[in-house]
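Engineer:
Numbering (our numbering), first residue to last: -1 to 143.
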C-alpha cells in the first residue's frame, strides 16, 4: 500500500513492512496514521487507497484489542470498498468478517450477525459452498444463531 503512495523503495514503505512483519503494531499504526493523513491532504477521503489504509489500521487496532476504534476504520474501509469494488468483492467479505469480530467484542451481537451473514454469502457466491473459506465462515456464523 505504501509503495503506491510513496514508492516501493521509500523509507516509510520499508519501515511499515518491517514493523507489520515484526508485529510492532504501535510503530506500524503510527506509520499508517501518517499515510492516512497524507492521503487526506493530497486526495481527500474518497480515494481508493484510503480503503486499504483504513483496513490495515482497523486490523491492527482489532489485534491490539481496541475494538471500538477498529470499528470506525473498518466501517470506513467497507464503505470505500463497496464504492470502488462493489459489494461482492472478497475484500468486502474480509472486512465484514473482521467487523463482525470487533462488534462481537463490544457486545453488538445483532450487527455482528449481519456482518457474518454478509461475509458468508459473498464467500459462498465467489468460492462455492465447499471452499475452505466458505466452510469456515459458515461455522463461525453458527455462533451467532
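Here a beta-carbon is modelled for each residue, glycine too, at the ideal position from N, C-alpha and C. Because the structure is a prediction, the values reported are computed rather than measured.
If I measure Cβ to Cβ from residue 104 and keep anything under 6 Å in the same chain, skipping five residues before and after, which residues do I get?
Structural biologist: 65 and 66, listed in sequence order.
Engineer: Would you call the CB atoms of residue 71 and residue 84 closer than 7 Å?
Structural biologist: Contact: no.
Engineer: Specify the secondary structure class of residue 22 as computed by DSSP and reduced to three states.
Structural biologist: It is coil, neither helix nor strand.
Engineer: Quick check on the DSSP output: the alpha helix (DSSP H) that includes residue 147 runs from which residue to which?
Structural biologist: In the structure as shown, the chain starts at -1 and stops at 143, and residue 147 therefore has no counterpart that could be examined.
Engineer: For the alpha helix (DSSP H) that residue 75 lies in, which residues bound it at each end?
Structural biologist: Note, residue 75: alpha helix (DSSP H), 65 to 83.
Engineer: To which residues of the same chain is residue 122 closer than 7 Å at the C-beta, ignoring the five residues directly before and after it?
Structural biologist: Taken in chain order, the residues that qualify are 132.
Engineer: Look at the Cβ atom of residue 124, then the Cβ atom of residue 94, and state whether they are nearer than 7 Å.
Structural biologist: No, the pair does not count as a contact, with Cβ atoms beyond the cut-off.
Engineer: Determine the DSSP secondary structure at residue 87, reduced to helix, strand or coil.
Structural biologist: Three-state result, residue 87: coil.
Engineer: What residue does the alpha helix (DSSP H) around residue 109 start on, and which one ends it?
Structural biologist: It spans 107 to 125 - the alpha helix (DSSP H) in which residue 109 sits, taken as one unbroken run.
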